[in-house]
Amino acid sequence: MTQFPVLIAAIDSSTARFLTLAPVSDSGLDPSPKLIEHQGLTLPEGELSGEELWSSTKTGRNRGPKGQSHSYDDHRERHEIEFERHFGRSIVSQMNQLIEDHQIQEVLLIAAPQILGIMREAVASTLPNTMKITDLNKDLTQLTAHEIHQYLAEKELLPAPHRAGIQ
Numbered sequence: 151m152t153q154f155p156v157l158i159a160a161i162d163s164s165t166a167r168f169l170t171l172a173p174v175s176d177s178g179l180d181p182s183p184k185l186i187e188h189q190g191l192t193l194p195e196g197e198l199s200g201e202e203l204w205s206s207t208k209t210g211r212n213r214g215p216k217g218q219s220h221s222y223d224d225h226r227e228r229h230e231i232e233f234e235r236h237f238g239r240s241i242v243s244q245m246n247q248l249i250e251d252h253q254i255q256e257v258l259l260i261a262a263p264q265i266l267g268i269m270r271e272a273v274a275s276t277l278p279n280t281m282k283i284t285d286l287n288k289d290l291t292q293l294t295a296h297e298i299h300q301y302l303a304e305k306e307l308l309p310a311p312h313r314a315g316i317q
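Right under this line is the structure:
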């Protein structure tokens with residue numbers, strides 16, 4: 151299944167959440183590992199509407215002085231991809247810090263489809279070659295830590311979470 155400790159990075163186009171799963175404590179008081187959420191990241195550009203991000207919401211059209219319109223490429227798509235790549239580099243930097251701080255042995259990279267490719271590229275070129283990396287094409291950023299844990303347990307990527315009152 152999974153090695154311990156593990157880092158879970160749940161990412162969409164504007165949010166990155168980082169959770170760690172540590173092994174069961176030796177004391178026996180808490181028989182099940184729990185996810186611990188750490189400081190996340192947000193991409194301000196990912197949360198802005200077209201009106202807030204661009205001077206005009208319409209792309210590729212302009213009117214001349216006599217009312218004639220003409221097309222042009224304002225490169226919005228290229229700018230949006232660059233925003234996502236910059237965000238990806240910030241995410242990997244945060245992941246590296248958590249890997250170092252918590253002696254992480256495995257990473258579960260869970261990302262919305264539109265950013266998963268960018269994250270695969272950023273992770274592959276930055277994380278240690280010995281790191282086990284599993285990726286999942288899914289947006290889980292809106293779920294609670296417990297819901298993320300349950301979902302990943304159902305996919306057999308993590309051990310099942312402990313339910314209160316049940317040993």
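Add 150 to the 1-based position in the sequence shown for this note's numbering, that's all there is to it. Backbone N, C-alpha and C define an ideal beta-carbon position, used for all residues, glycine too.
Going by DSSP, E271 is part of the alpha helix (DSSP H) stretching over P263 to T276. Taking 8 Å as the cut-off, the beta carbon of I158 is found closer than this to the beta carbon of L258. The closest CA to that of I265, considering only D251, I241 and T276, is found on I241. In terms of Cβ geometry, I161 and I298 do not form a close pair [threshold 8 Å]. Counting along the chain, no beta strand (DSSP E) covers Q255, and no H or E run does either. Residues G190, L191 and I241 of the same chain have their beta carbon placed closer than 6 Å to that of A166, with the five preceding and five following residues left out of the count.
Comparing alpha-carbon positions, the option among T280, T284 and Q255 lying closest to M269 turns out to be T284. DSSP places E232 in the helix class (H, G or I) of the three-state scheme. Boundaries for L302: no beta strand (DSSP E) harbours it, while the alpha helix (DSSP H) harbouring it runs A295 to E304, taken from the DSSP string. Beta-bridge pairing by DSSP links K184 to no other residue.
With a beta-carbon spacing of about 7 Å, T276 and N246 fall inside the 8 Å limit used to define contacts.
Following the DSSP letters along the chain, one finds D285 inside the beta strand (DSSP E) bounded by residues K282 to N287.
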